[in-house]
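Read top to bottom, the protein sequences are chains X and R. According to the working numbering, numbering within the first sequence proceeds without interruption in unit steps and concludes at 232. According to the working numbering, numbering within the second sequence proceeds without interruption in unit steps and concludes at 119. The beta carbon of each residue, even a glycine, is placed where N, CA and C say it ideally should be. Below is one structure, written out as structure tokens, with a few remarks after it.
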Amino acid sequence: MKAAVILFPGSNRERDVERALRLAGADVQRVWHAEHELPAGTDLAVLPGGFSYGDYLRCGAIAARSPAMDAVRAHAARGGLVLGICNGFQILCESGLLPGALMRNAKLRFICHRQHVRVERADTAFTRNYAPGQVIDICVAHGEGNYTADPATLARLEGYGLVAFRYCDPNGEVTVDSNVNGSTNSIAGIYSPNRNVLGLMPHPENFVDPLVGGTDGLPLFQSLVGRIAQAA
Amino acid sequence: MKARVTVTLKSGVLDPQGKAIEGALASLGIRGILGVRQGKVFDVELATEDAGEAEATLRQACEKLLANTVIENFHYEVETPGQNGGGRRGRETAPATLSPDDPTVEAADDAEMPIEGHP
Numbered sequence: 001m002k003a004a005v006i007l008f009p010g011s012n013r014e015r016d017v018e019r020a021l022r023l024a025g026a027d028v029q030r031v032w033h034a035e036h037e038l039p040a041g042t043d044l045a046v047l048p049g050g051f052s053y054g055d056y057l058r059c060g061a062i063a064a065r066s067p068a069m070d071a072v073r074a075h076a077a078r079g080g081l082v083l084g085i086c087n088g089f090q091i092l093c094e095s096g097l098l099p100g101a102l103m104r105n106a107k108l109r110f111i112c113h114r115q116h117v118r119v120e121r122a123d124t125a126f127t128r129n130y131a132p133g134q135v136i137d138i139c140v141a142h143g144e145g146n147y148t149a150d151p152a153t154l155a156r157l158e159g160y161g162l163v164a165f166r167y168c169d170p171n172g173e174v175t176v177d178s179n180v181n182g183s184t185n186s187i188a189g190i191y192s193p194n195r196n197v198l199g200l201m202p203h204p205e206n207f208v209d210p211l212v213g214g215t216d217g218l219p220l221f222q223s224l225v226g227r228i229a230q231a232a
Numbered sequence: 001m002k003a004r005v006t007v008t009l010k011s012g013v014l015d016p017q018g019k020a021i022e023g024a025l026a027s028l029g030i031r032g033i034l035g036v037r038q039g040k041v042f043d044v045e046l047a048t049e050d051a052g053e054a055e056a057t058l059r060q061a062c063e064k065l066l067a068n069t070v071i072e073n074f075h076y077e078v079e080t081p082g083q084n085g086g087g088r089r090g091r092e093t094a095p096a097t098l099s100p101d102d103p104t105v106e107a108a109d110d111a112e113m114p115i116e117g118h119p
């Protein structure tokens, strides 16, 4: 499985996600944002976390207009897999690959801690190594993760099962307190209509090694690698 | 030609920063403020002197980058050098153009642009 990790000026989680992908068995290449094409044979394009362009204008706004994003858009249109984590999710929303927007956290604080999220469905390329409704313990680290969309978009996301993850408590209950950033419907991640594009605020790449305190993020990368291996 | 672009949150979109500012104003004892919404202002210098061309450029800039139309409205004003002559220091403000989906933006609110250098 060939993954291309797009590097923007100000990205800072590319090494972590590359490590997670390699641990899962992927062949990883890093791609500079000024490139107009992804490496031949790319199965998965990854937009890593960080602070592309210093969050100038709006988080992800400038990165979303880079040449590499045109290549990512074309890749997604062909049915290719795209994963955007944290700033990568913000870039996906800004680029129009995912609907809605990520606003300032409701309590205005940058949040950085372990967080439970619920896997809403386990039948996608990203989640097949989880169980449906599984509660996973991963990390959040963001200041602008407050997901918002107009009512019609929300109805579509909910109606078509495009919500990927929700913030929840350790028992999997979606509560006001477990909604760490004020996101509408506690949304932590969403899919595109064909479920080949996933954006999420939490960092699965943080928890892939028991040495760091958890491995609940690893199945996401294993799902991706396994799915491509299966298809091949 | 100069222009000023104002980007504001759509009504109904929660603005936690505006709320925090509101709270800070209240804690300073500044009374009489019912609400604050935070936005952005861009002062843009355009290569053209043609109002129509300027408007087309600004609209494109707003729609493609300056505003996220999912959550924000934009509004721009083009400064044209005073045509009324008489050495009046100031400028005319071309008719404001509003984001089509938001009739609530009030052009009149922006009437206080600082006067900059146009003879």
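Strand pairing of residue 103 of chain X, partner residues [DSSP]: X:146
Chain X contact for residue 60 of chain R (CB, 9 Å cutoff): No, residue 60 of chain R lies away from the interface with chain X (no Cβ there is under 9 Å from its Cβ).
Short CB-CB distance (under 9 Å) between residue 66 of chain R and chain X: yes
Local conformation of residue 116 of chain X per DSSP, three classes: strand
Chain X contact residues for residue 41 of chain R, given Cβ-Cβ distances below 8 Å: Here the premise fails: no neighbours, minimum Cβ distance about 13 Å.
CB contact flag (residue 81 of chain X, residue 43 of chain X, <9 Å): yes
Element boundaries [alpha helix (DSSP H), containing residue 40 of chain R]: Premise fails: residue 40 of chain R lies in the beta strand (DSSP E), 39-45, not in any alpha helix (DSSP H).
Alpha-carbon spacing of residue 8 of chain X relative to residue 62 of chain X, whole angstroms: 10 Å
Proximity test, Cβ basis, 9 Å: residue 20 of chain R and chain X: Look at residue 20 of chain R: its C-beta is under 9 Å from a C-beta on chain X.
Contacting residues, own chain, Cβ-Cβ under 7 Å from residue 131 of chain X (five flanking each side not counted): 122
Short-range partners of chain R found in the stretch 83-114 of chain X, where Cβ spacing is below 8 Å: 93, 94, 99, 100, 101, 103, 104, 105, 106, 107, 108
CB contact flag (residue 126 of chain X, residue 201 of chain X, <9 Å): The criterion of a C-beta distance shorter than 9 Å is not satisfied by residue 126 of chain X and residue 201 of chain X.
Nearest neighbour of residue 199 of chain X, chosen from X:48, X:20, X:29, X:225 [CA to CA]: For the residues X:48, X:20, X:29, X:225, the minimum Cα distance to residue 199 of chain X belongs to X:48.
Proximity to residue 54 of chain R [Cα-Cα], best of R:41, R:79, R:33: R:79
Span of the beta strand (DSSP E), counted from its first residue to its last, around residue 85 of chain X: 81-85
Partners in chain R for residue 58 of chain X, counting only beta-carbon separations shorter than 7 Å: 68
Interface flag, residue 14 of chain R vs chain X, CB-CB below 9 Å: yes
Within chain X, the residues that residue 71 of chain R reaches when beta carbons sit closer than 8 Å: 101, 103, 148
9 Å Cβ cutoff, residue 65 of chain X in contact with chain R: Taking Cβ atoms only, chain R reaches closer than 9 Å to residue 65 of chain X, which makes this a yes.
With 16 other Cβ atoms within 10 Å as the buried cut-off, status of residue 117 of chain X: buried
Cα-Cα separation, residue 69 of chain X to residue 52 of chain X: 13 Å
Residue 168 of chain X (DSSP reduced to helix, strand or coil): coil
Length of the line joining the Cα atoms of residue 10 of chain X and residue 56 of chain X: It is roughly 11 Å from the alpha-carbon of residue 10 of chain X to the alpha-carbon of residue 56 of chain X.
Rounded distance between the beta-carbons of residue 10 of chain R and residue 72 of chain R, thought under 8 Å: 6 Å
Chain X contact for residue 3 of chain R (CB, 9 Å cutoff): no
Any C-beta of chain X under 9 Å from that of residue 89 of chain R: Summary for residue 89 of chain R: the model assigns pLDDT 30, below 50, so the residue's position carries little reliability; its value from the coordinates is reported in the next sentence. Not closer than 9 Å to any Cβ of chain X, the Cβ of residue 89 of chain R fails to qualify, so no.
Where residue 211 of chain X falls: helix, strand or coil (DSSP): Look at residue 211 of chain X here: in three-state DSSP terms it is helix.
Three-state class that DSSP yields for residue 130 of chain X in the structure shown: Of the three classes helix, strand and coil, the one that applies to residue 130 of chain X here is coil, per DSSP.
Straight-line gap, residue 56 of chain R to residue 102 of chain X (C-alpha atoms, nearest Å): 28 Å
Cβ-based burial, residue 109 of chain X [other Cβ within 10 Å; buried from 16]: Under this definition residue 109 of chain X is an exposed residue.
Whole-angstrom C-beta distance between residue 184 of chain X and residue 141 of chain X, which should lie under 8 Å: 20 Å between Cβ atoms; not a contact.
Interface flag, residue 62 of chain X vs chain R, CB-CB below 9 Å: yes
Same chain, Cβ closer than 8 Å to residue 48 of chain R, five either side skipped, listed in chain order: 1, 54, 57
Residue 21 of chain X, enclosing alpha helix (DSSP H) - first and last residue: For residue 21 of chain X, the enclosing alpha helix (DSSP H) starts and ends at 14-23.
Strand pairing of residue 30 of chain R, partner residues [DSSP]: In the DSSP output, where bridge partners are listed per residue, residue 30 of chain R has none listed.
Those residues which DSSP pairs with residue 200 of chain X across a bridge: X:85, X:189
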